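Asker: Let me begin by handing over the structure; questions about it come next.
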Amino acid sequence: MLNTRPRTAAPRSGRPAVRPTGEERSFPADELIVSKTDPRGVITYANDVFLRVGAYSLDEVIGQPHNLIRHPDMPRAVFKLLWDTLAARQELFAYVNNLAADGANYWVLAHVTPSYGPDGSVVGYHSSRRRPSPRALDRVRPLYERLLVEERRHPNARAAVAASSELLDRLIAEQAASYEDFVWTVIGQEEN
Ligand SMILES: Cc1cc2nc3c(=O)[nH]c(=O)nc-3n(C[C@H](O)[C@H](O)[C@H](O)COP(=O)(O)O)c2cc1C
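Numbered according to UniProt numbering, the sequence shown spans residues 1 to 192.
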């Protein structure tokens, strides 16, 4: 029961899709973008940096599924890894490209953790994000682009995510022991 993967919340119907403009936005290195969700990924908290960088008001995000800020160029395989890791009650560091309400995009290095209730059950998740360095993104962008190309070769989402998850495992194995290890390698390079 404890490790059962929750069904993620469906996007609210009627919400107009935000179209990416290609404008890339950044935020100061000393700021953290924070949000919390319920176990299905519905947003229950967002800090002021989340709102400012994402160009949303609090009312627009609370109660919405977290894919509200999903960028269409983010590979599905990364989100599968995220949810599989959380379902195993583990935390994850991941590079994510997000979409703001005005169509700008902003890259983050996210640290996502489960939150537990008094009985040990998962009551939600918490994500703290900081600004990645341009050097880190030089490593991450080509990796995600290859995953995306693979995903677009497949007619349905299930086949796409299966193929790109396999490719992610293969590409990561060429350079690191795991995705987490890859992230730490990239973070290490940021400081040099
Ligand atoms: C705590 C938490 C934070 C998340 N943060 C983001 C985020 O910043 N950007 C994003 O696209 N998805 C984020 N997600 C994942 C979304 O819930 C969702 O799985 C993802 O956007 C893929 O959406 P899709 O399944 O509709 O393609 C987060 C999930 C959790 C639990």
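Ideal Cβ positions, reconstructed from N, Cα and C, are used throughout, including at glycine. Since this is a predicted model, take the numbers as computed values, not measurements.
How would the residue list near ligand 1 read, in chain order, if you kept each one whose beta-carbon is closer than 7 Å to any heavy atom?
Answerer: Output, sorted by chain position: T8, P11, S35, K36, T37, G41, P65, H66, N67, I69, R70, H71, M74, R76, F79, L82, W83, L86, V96, N98, V108, A110, V112, Y125, H126, S127 and R129.
Asker: Select from G41, V186 and G22 the residue whose C-alpha is nearest the C-alpha of T113.
Answerer: Cα-wise, what sits closest to T113 is G41.
Asker: May I ask which residues mark the beginning and end of the beta strand (DSSP E) holding R112?
Answerer: This sequence places Val at residue 112; Arg is not what is there. Taken as a continuous stretch (DSSP letters only), the beta strand (DSSP E) holding V112 covers N105 to Y116.
Asker: Give the list of continuous alpha helix (DSSP H) stretches no shorter than 4 residues that lie fully inside the region 20-68.
Answerer: Runs of the alpha helix (DSSP H) inside the region 20-68: 48-54 and 58-61.
Asker: Buried or exposed for L58, please, with buried defined as at least 16 other CB atoms from any protein chain shown within 10 angstroms of its CB.
Answerer: Looking at its Cβ environment, which holds fewer than 16 other Cβ atoms inside 10 Å, L58 is exposed.
Asker: For G120, which three-state DSSP category applies?
Answerer: In the structure shown, G120 sits in coil (DSSP, three-state: anything other than H, G, I, E or B).
Asker: Helix, strand or coil for R89? Go by DSSP, reduced to three states.
Answerer: Note: R89 maps to coil in three-state DSSP.
Asker: For N97 versus H66, is the C-beta distance shorter than 8 Å?
Answerer: Going by C-beta atoms, N97 is not nearer than 8 Å to H66.
Asker: Could you tell me whether the Cβ of P16 comes closer than 8 Å to any Cβ of chain C?
Answerer: This model lacks chain C altogether; it includes just one protein chain.
Asker: Here's the rule I'm using: 16 or more other beta-carbon atoms within 10 Å means buried, otherwise exposed. How should N105 be labelled?
Answerer: Per the 10 Å Cβ criterion, buried.
Asker: Give a yes or no on whether the C-beta atoms belonging to Q189 and F182 are separated by under 8 Å.
Answerer: It is not a contact, given that the beta carbons lie outside the stated cut-off.
Asker: Check whether the region 71-91 and the region 137-154 touch, using three or more Cβ-Cβ pairs below 8 Å as the test.
Answerer: The region 71-91, when compared against the region 137-154, does touch it at the 8 Å Cβ threshold.
Asker: Are the region 111-125 and the region 84-95 touching, with three or more C-beta to C-beta distances below 8 Å?
Answerer: In short, these stretches touch, since the Cβ pair count reaches three.
Asker: Taking 8 Å as the cut-off, decide whether the C-beta atoms of P132 and Y179 are in contact.
Answerer: No, the pair does not count as a contact, with Cβ atoms beyond the cut-off.
Asker: Please go through the same chain and pick out, in chain order, the residues whose beta-carbon is closer than 7 Å to the beta-carbon of E31, but skip the five residues on each side of it.
Answerer: Hits under 7 Å: V49.
Asker: For V96, write down the residues that DSSP places opposite it in a beta bridge.
Answerer: According to DSSP, V96 bridges with V108.
Asker: Going by DSSP in three states, S133 sits in which element: helix, strand or coil?
Answerer: Three-state DSSP puts S133 in coil, outside helix and strand.
Asker: Can you have a look at A100 and say buried or exposed, based on whether 16 or more other CB atoms are within 10 angstroms of its CB?
Answerer: Looking at its Cβ environment, which holds 16 or more other Cβ atoms inside 10 Å, A100 is buried.
Asker: By the 10 Å Cβ neighbour count, where 16 or more other Cβ atoms means buried, how is S115 classified, buried or exposed?
Answerer: Flag for S115 reads exposed.
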